[in-house]
Structures are given as C-alpha cells and as structure tokens.
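Here is the structure we will look at, set down as structure tokens.
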Amino acid sequence: MTRHLARSFVFAAFVTAGLAVPALAQETIVLGAAVSETGKYSAEGMHTKNGYDLAVERINGMGGITVGDTTYLLEIKYYDDESEAARAAELAERLIDQDNIQFILGPYGSPITAAMAPITEQYGVPMVEANGASRSIFTKGYKFTFAVLSTSDQYLSSAIDLAAEKATEMGEDASALRVALAMGDDNFSQDVRAGIVEAIEKHGMEIVIDDKLPDSFTDMSSTLAKVKALQPDLLLVSGHDKGALTAARQIAEQQVDTPMVAMTHCDSADIAGQVGPGAEYTLCAAQWAPSLSYEDGWFGTAAQYAADFEAQFGYAPPYQAAESTAAVLVFADAFARAGSLDRQAVRDAIAATDMETFFGRIDFDETGKNIAKPMVLFQVLDGQYKVVAPTKWAAEPVVYPRPPFAERS
Amino acid sequence: MTRRGIERLAMIAILPLALAAPFLAPAYMTFFTFICIMIVLALTWDVLGGQMGYNSFGNILFFGIGVYTTTIVQIGLFADVGAYTAAYGVETIELTRNQFLIGLAVGLVAAPLLAVAAAAFLGSGLLGLRGQYFAIGTLGLGIAGGELAAAWGWIGGAFGVQVPVFPGEVLERRLLFYFLAFALAAATFLTLKRLYAGHFGLAINAIRDDEDKAEAMGLYTTRYKTIAWCIAAFFLGIAGGLVGQINGYIEPREVAFAGASFGIWMVLMAILGGKGTIWGPVIGAILFYLMKEFFWQQFFGWQRVALGLLIVVIVVFFPIGILGWLKQRFPARFGPSVDMVARAKPGAGSDGARR
Amino acid sequence: MDMIGLLFEAPPLALQLVIDGVLIGAIFALIAYGMALVWGVMKIVNICQGEFVILGGYISYYCWEAGYPLVLGVTAASIALFALGWLLYRTIIFRVVEQDLFISILATFGLAILLAQSMNQAFGADVRTADAGLGNWFLFDNLVSIAAIKLVAFGATAFVAALLIWFMRRTRLGQAIRATSQNARAARILGIDTHSVYAFTYGLNAAICGAAGALIAMIWVIAPFGGLIYTVRAFMIVVVAGIGNLPGVIAAGLALGIVESFIGFVLGAQFQIALIFVLLVLILVGRSLRLRRQRKVLE
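Residue numbers (the numbering used here), protein chains in the order written: chain A, 249 to 657; chain B, 92 to 446; chain C, 888 to 1186.
In structure tokens form, the structure reads like this:
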C-alpha cells in the first residue's frame, strides 16, 4: 500500500514536471505507447511505464536529443491497452492515425506485442519494444519491429545447460537427468517451453511431467504431488507472476526436494519477500540484473540505474523496467544518428544500432531481435537475488543440488 | 411528425452520411467500422433478448465461431493450417491479392453457415429451457467456446492465429473492411425490419408475451425459437469474421470468444437503446460505443471502473432504454413500449408485488 | 495413464490428493453456500461472488502484513464485507431483487467489473499471498504433507458453517430469512420487513465470501482479477446441489475439490480448470434433457 502511495506521489510529481516543460517552447518528439494500466498485466505494465518515464526524464534532463541542428525533448503519449491484444491493435492504429505518432514504444507482453506489430508494420512506423519476447514476433519478416530483450526460448534453457554442466562436473551422466515442466498456457510461456525442449533434446534428457497451467489456475498442489512421486532432477515453471508465486509457495509447503527448481518472473512476483526462507535456492531467469557490469553515458552503471530508479519510484527495478528504459535509449541513439525524423531514416538507424547500455549491448539481427545480450540466472540466496550464471557475471557460485527442506535450519 | 416519418427520415439521412464518413474523417475509419459491428451485435442480440424475451449470454459463441472460421478457411485454401499453427506463429504465409480476397469471400460464406449450424444444434437443446433458465444455460457457452478453442492445437490453441497480411495499401484495406461492415449492418437492419413486420415477428413476439398461449394456439414455438437464434447466429458469424480480419491477430479468449467485452456489450447496447425495438439497438450501440471511447480517453486506468459503473447504471436505473423511455413519454409518436404491453397483461413480466 | 498406476503403487499419494481436495473443497462449499443463500432468498444470481472473495483476501492480506493474528484478519474481512454487502443492497441491489434473474446477473456482472477494477487501482496488480508460517505436518515418510494453515482454514470453515446452521434455525432473524425465502409476499403480510431481511442476507453472503477469501489469501495467492473462477466454481456447485440444500452444497463442494485434485494429478493441471466448465455444460445439458423428457410426458 505504501509503495502504491509512493507511486501516486511520483506520478503527481511527473504531472507537475510535465506541465512545466511546454513553457520552454522546446521542440518535442512524441513517442506513442500502449501499456497495461489495467488488466492482468497491469503490474508489469507499471514497471514498463516507469522504465519509459525514467528514460525520458533523464534524456530531457541532459538537454534532450540533437537531431540535425535542432534539439528535441522527448515525450510519451500513453494509452491503456487493458492487457488485451484486441485493444492494443486498435490503439496502435489510433496512435498513428489520430495522434500522428511517428514512433512507437512496445507494450508489455508477447501476445500484445504480437497484436501491435502487424499494424506498425503496415504503416511503416518503427516500434522498439522491450517486453515481447516470444520468437513468433520475429519470424514474420517485420522490418519495423525491434526488441531489446532476449527471446523467450532462452529464459530457462540456460537452467538446463547449467544442470547438465553440474551433472558432468559431479561425474554423472547429463542425459540421465529427468525434467518436470509446468508451463503457462500463453505464447510467452509456451515459447519458453519450446526453448527448454530444444535444450533437453540437445542433452538427451527426459521429460517426465509436462503440465500446462491454464490462465485461471489457482492451485499447483496436484502437479507438485506428481513431482514428489516421480522425483525428477529439475522442475521448471513459467506462468508469469501468479505461476511463480504459487509454485514457490506450494513447493515450500509440500517440501518438494527437487535438486533444481527454476522459474521465470520470480523477481517481479517477489517470491523471496512473500514466501521467505521457503523460496531459498530457487533459480530465476532474468533479462538483466543490477549487479551486471554494463555501463552507458545516460545512467552510468547498471547499479547506478538501479539506485536512481529506486530513488524515483521507491522500489528496486525489476528487469521489465530496465529493458523498457533501454528501448527509449535505442530511439534516442537512433534519432541522433539518423539526423532526421524521417520514419524510414530512423528505422534504418535503429536497424544499424550497436550500442552499449546499462542494460547490456544492443545489436539487432535482420529480424529485429537483440542478439548481443545473454540472459542471466538468479538464485535466491539469503533472501537476495544473486546472479549465479553465466559464470562471467556470477556474484556467487550456484548452490546445486538444493539442500532438502528437512536439512535446512 | 409520425413514427413512420421519423424512421424514413433517419434512414435517408444515414446512407449518404455513412458513405461519406470514411472520406470526411479518414483517421476515424476503424472507429466507424466498429460502430457498424456494434450495431450488428446489438441488433442480433435483440432478436432473442428483446423480440422473443429469451435473454442469451451465449451469443458471443457464434461470433467466435465466425472469427475462427473466416480466417482458418482463408488460410486453409492456400496453405496447410496445421503446419501454420503448429509453428506457434513462427511461420508466415503470404497471399496474393486475389488469394486474399477469394479466401476472405469463401471464409465469410463459411462462417455464417457454421455459426447457424451451431445455433441449430444448441438451440434444439437449450431453447427447451424456459425464460431465465435459458439465460443461465447460456452463461457458460462463451467461456466454454474460448476454452475449447484455446485447447485445440490445430487452430492455434492458446496462441491464437495470425491473420494473413493484407497485400495492399493500408487505406485500401480499411476502406474494404469499413464498407463490408457497413453493408453487413445495413443488411442486418433491413432483414430484421422486414422479418419483424411479418408473420415471423408476430410469432416471436407472441412467444415473448405468453409462450404457453402461443403454443396452445398451434405455434411450433421451439422451431420458431431455434430459427430466431439461427438468424442471429448468421449475422454474428459474419461480424466475427470481419472483426478477426480487422484485428489481424486472433486470440481465443479476448478476440474471438470475448464474453467479457463484446459478449456483454451487445446486451447492454440493446438495453440502453431499448429492448424489443428495431431502432433501439442501433441507437444504443452508437451511444454506448461513443461513451466507451470517451471513458477510455478521459480516465486513464479508471475507464474500466467507469464502464462497470455504466453497466450497473444502465441495467439498474435505466432498464427501459432510450426508446422505451421515449415510447412511455410520447406513445403517439413512437408507439407503445414493450413494458406497457407487458404491464397491460396481468401476471406477466417482473413480479411487481414489491414496487 | 501411468499416473493412475502410480496411485496404486503408492496409496499415500491418493490420500494426499483426497486431503488437499477436502480441505480446499470446504472453502468452495462455503462460497457456494453464500451464493445459494442469496439465490434462494432473493432470487439473485450473484456474479460478483468471486470479487467479494478476493476483496476479503486483500483485507486479510493487509492485516497479516501489519502483523495482526489470523483470526483478526478473517474477522475484519467478514465485518468489512458485511458492511459492503449491506451498502450495495441499499444502493443498488434492492432495485433488482425479485426481478428477472437476467437483470440481476447483468447488474452483479457490472458490479464484478467495478470491484475488480477498483481493487486493481487500489491495491495494484501484484500477486499476493499471506504466508502465516504455521508450518506443515508430514505423514508416510514425507510423502503426504498437510499445510497447517489448510487445516486451520478447514476448521474455520466448519465453524462458520455450524454458526450459519445455528443462526438459520434458532434465531428470529434466521427464521425471518427462511420465511422470506419461502414466500416473500406472505412474509411481508405477516409483518416481516423483507427489505431488512434482504439487506442482511446480502450482507451475510458478502461476509461469508470475505471469510472464505481471507482463508484463500493464506492458502493460495490472490490477484485483483482472480475472482471469476470462484464465481464459476460456486455457481457450478449450486447448480449441481440445488438451492436450499445445505448438505448437497457441502457434498458437491468437497467432491469438486477432490475431483479437481485427482484430475490435476492424473491428466495434468491444464484439465483442472477445463473440467469445471465441461462439467457445468454437461450438467446443464443433462438438466435440459430431463426437462424435455418431462415435457414429452405432458404431450
């Protein structure tokens, strides 16, 4: 509640700041965005919006963007997509048609991004998105859609690789590992699953449980009873915030002692805070972490970004916020390099992007996805999300296998 | 001016306005397109809800069937649907202009046929239920449709389906769908107007006013009820097909079997305008959609709260609707209202004991 | 189907599923009882049942976060929801009571949207859970685990149910509610203020939902838009058991809990929810067919 109040105050501060800006009669570039203010993605939508706002504020605070010989300030026109794909498609059209927006920032979530991409493509309006990770968005030959984040198939496949690596280290056969999956029934989670299955096939492992979590599920205890009975070596869960929190809670309650438990969205669901010691040793897939050694000219290091974000919004930035900020930086960089505000010129400049940011390197392949930035894995250790993989950035060594609940103090 | 006169004037005024609208305000073309679709939704709901007294919550099922059928047929004519959807949207197909239009045409013929088949099948089962039990029986239809579609892998499952990209200019595509939607709205309106004026209209009104008596007089009530549902399903199927195409991306629960949005709006629009009239749903649809857009632009984040409030206000405080109110105030000009007819008959309609 | 084999190999697993099913089914039954009460007395199908549940959950979540004991959370949720229900009746519901079911379904659907969206604005969309930290019990060498909180919730549910039965049977107000439910007009003639009875009934239902929601927030997770599934479950139980059939509601609630638990185990989580809808449609079609047969006899 307090956090929410803090948000409202920050929002009020923004409004006041926003009113002050036009008085300078500066030239502005207006970016359009449909984010989920209401509906099932509204928590993540809020992170997205905060990420965008922080970037705009920072860029404007540093004097704006020089395009050719004019200096522009940035501004964002928001609509609420209500977490619905149908609405987002309609809004994309409205932004372009009725509000004359030339540049679009992505919404939150793969289905919604997938609904907006065909529209922006038809109008030839560049969209830089930060929260649509499903690979299906990048196989349509879209020329105007760019994503700063890693695609969803990479989310948990790294956990499979990690388990294989550990098994080999311990002198065991990686192909003997057995995997249990509980994956949400949406195109993000199913793409996560596809990536996992590819990795599993690569290592020759076996899937023993393959449950789908429907949209409105409330309970995982039956799935976990199966896990307890079959005793797989890995348990992988992907079902947005609800999936992560339900899984963490019930794994602790039923004391499911699978050697490795990995999931998505655990930091945005705050499993360490809400479930407490029971969530220890859970692995979490993340696009970004404050402890990574990335840096840029706008925010400094990833850690400085995290500090600035927390000062502004009163909570530590989940990666959803960081990637959203990075999307605005891509636009800023491309405007400057394009030297004009022509849509095609900006689109070409975006396509040629190769930049270092606090969020990681950004370099788009010809389908528009960022191929320069790897995923990271956190592990919940002492109530903190510590980076444990890839080894290059590992703050702590991974604890594998998880100690059984009975042996924890 | 008489009721006839007002009606004729309205119809004459609408036609040139509708034809010119996309050129006068091209930026709002999609908005106009959706108004046409909304009119179809409200009108078709009113066939059962208003004219026949059978309140259905399940009409969205036929809409959803239309959404899927049109696009699946369009894809299926020129590509392997299973392979296309099995890739979870990873594959893409490119249709030529002729292929796209032929696919669309065939799809828009198949959609209403399938929707009608579903209505005939369900109608023979569910329409045996009387009055409020029918309403409860239809509650689950839309949800069940969405869950089934989300579970059926061949049509894309929970992933949904990406509609093939229109091979041509943006403006052209939007004009095409605007005029298709307008033609559909006009066809729905004129067909229903004609039907209501004839024997069929009298029959379903008789069912609304007293089903037992109607049956005793020798009307095959279940047959009439099923036919009425089929008529509604026919136009809903086409409307669904258009919406899927306009939207470009079909999602089972939010686009196709969108019970919480289109499904409930169609009821509200008909009630707002006035149940059991031909113009009521039209007026209700336009007004409701305008209000919805207004909330949307004015209350960032709170628009759904406002929408919920609007539903409560319409249903609880204004159930007679605009036309119903006009009829009560000016019966000479607008004709007697449904409620007045119902009230004239003892023991019918709502139990007035407490009022 | 190898999962069925597994159940035979390790019978404690089946016990686990039954226990889980019963403990949670009791809460479903409680919510369904509230729905049956309002349906029976006021002839209203309360679609915003699930939203009452979630709201109760939030109240108990914030009590838990502030460090108050569980009992207080449940009590606070019931009292707050009773007040809300009473208020809603006096402002809105009194206009749709005794009207066509269709009108009340629409009106309470509107309320459901209103409540869910308001909760989203007020509490944020974050998924929440109140972990009371009561620990777990283990049987059969850790194979069967019972969360203590689920047992507590079951006890609380049984207590509330017993309280309700006593209230309906023994108190003047309870008798007035039953009288109104049998024949509202006659009750009015006999001097019962049916308006007050309705207001109390609607408030009572909201309070029941609030208590159930408070328990659900402690057992599972809550989110602003998670209400619909509880409405659907309650609706299904009432349709199966019939209105005014308390033993039937309890039996159907427990059965639903157990069946869901077994389906989730044998077929997978994806069928757990789908099953509710399938059952609902099957039951409705079955009823419709039975009605038709009766009509045939008349012909």
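Yeah, the Cβ is synthetic: ideal placement off N, Cα and C, and Gly gets one too.
- Residue range 1035–1057 is occupied by the alpha helix (DSSP H) that includes K1037 (chain C).
- The beta-carbon of Q253 (chain B) is placed no less than 9 Å from the nearest beta-carbon of chain C.
- The three-state reading of DSSP puts Q503 (chain A) in coil, since its state is none of H, G, I, E or B.
- From the beta-carbon of G173 (chain B), no residue of chain A is found nearer than 8 Å; the closest lies around 16 Å away.
- Residue contact check for G997 (chain C) against chain B: a CB pair falls below 9 Å.
- When Cβ pairs closer than 8 Å are counted between the two stretches, the segment 192–207 of chain B is seen not to touch the segment 131–142 of chain B, the count staying below three.
- With a cutoff of 9 Å on beta-carbon distance, G309 (chain A) and S572 (chain A) are scored as not near each other.
- In the three-state scheme derived from DSSP, where H, G and I count as helix and E and B as strand, S382 (chain A) is classed as coil.
- At a cut-off of 9 Å between beta carbons, F250 (chain B) contacts chain A.
- For I911 (chain C), the C-beta contacts it makes with chain A under 8 Å involve D467, in order along the chain.
- With a threshold of 9 Å between beta carbons, R1174 (chain C) makes no contact with chain A.
- In the structure shown, C532 (chain A) falls within a strand segment according to DSSP collapsed to helix, strand and coil.
- Residue pairing by DSSP places E275 (chain A) opposite A:Y320 in a beta bridge.
- With its beta carbon less than 9 Å from one in chain A, F1025 (chain C) belongs to the interface.
- Look at I1076 (chain C) here: in three-state DSSP terms it is helix.
- Rounded to the nearest angstrom, the gap between the Cα atoms of W536 (chain A) and W245 (chain B) is 36 Å.
- Judged by pairs of C-beta atoms under 8 Å, the segment 247–258 of chain B does not touch the segment 97–106 of chain B, as fewer than three such pairs exist.
- With respect to the C-alpha of I385 (chain A), the residue from A:P359, A:G372, A:V373 having the closest C-alpha is A:P359.
- With a contact defined as Cβ atoms closer than 8 Å, Y356 (chain A) and N379 (chain A) qualify at about 4 Å.
- Of all residues in the segment 376–391 of chain A, those with a C-beta nearer than 7 Å to a C-beta of chain B are R383, S384, T387, K388, G389, reading in chain order.
- DSSP, read as helix, strand or coil, puts N1132 (chain C) in coil.
- A Cβ-Cβ separation of about 6 Å places A337 (chain A) in contact with G339 (chain B) under the 8 Å criterion.
- A buried status is given to F612 (chain A), since no fewer than 16 other beta-carbon atoms sit within 10 Å of its beta-carbon.
- Taking C-beta atoms as the reference points, L484 (chain A) and M418 (chain A) fail to come closer than 9 Å.
- Here the segment 1099–1110 of chain C lies against the segment 928–945 of chain C, with 3 or more beta-carbon pairs under 8 Å apart.
- Rounded to whole angstroms, the Cβ separation of T601 (chain A) and R395 (chain B) is 37 Å, and the two are not in contact under 8 Å.
- Close CB contacts of S405 (chain A) within its chain, under the 7 Å cut and outside five residues either way in sequence, are with G443, I444, E446, A447 (chain order).
- As a beta-bridge residue in DSSP terms, N1023 (chain C) pairs with C:A1034.
- K418 (chain B): member of the alpha helix (DSSP H) spanning 412–420, first to last residue.
- With a cutoff of 9 Å on beta-carbon distance, V406 (chain B) and G997 (chain C) are scored as near each other.
- Your pair F225 (chain B) and L232 (chain B) does not check out as a contact, with CB atoms roughly 11 Å apart and the cut at 8 Å.
- The beta-bridge partner set that DSSP reports for R426 (chain A) consists of A:E454.
- With fewer than 16 other beta carbons inside 10 angstroms of its own, H290 (chain B) counts as exposed.
- The three-state secondary structure of E644 (chain A), taken from DSSP, is coil.
- Using a Cβ-Cβ cut-off of 7 Å, A226 (chain B) is close to L988, F989, I992 of chain C, given in chain order.
- In chain order, I1000, Q1004 make up the part of chain C whose C-beta sits under 7 Å from the C-beta of R395 (chain B).
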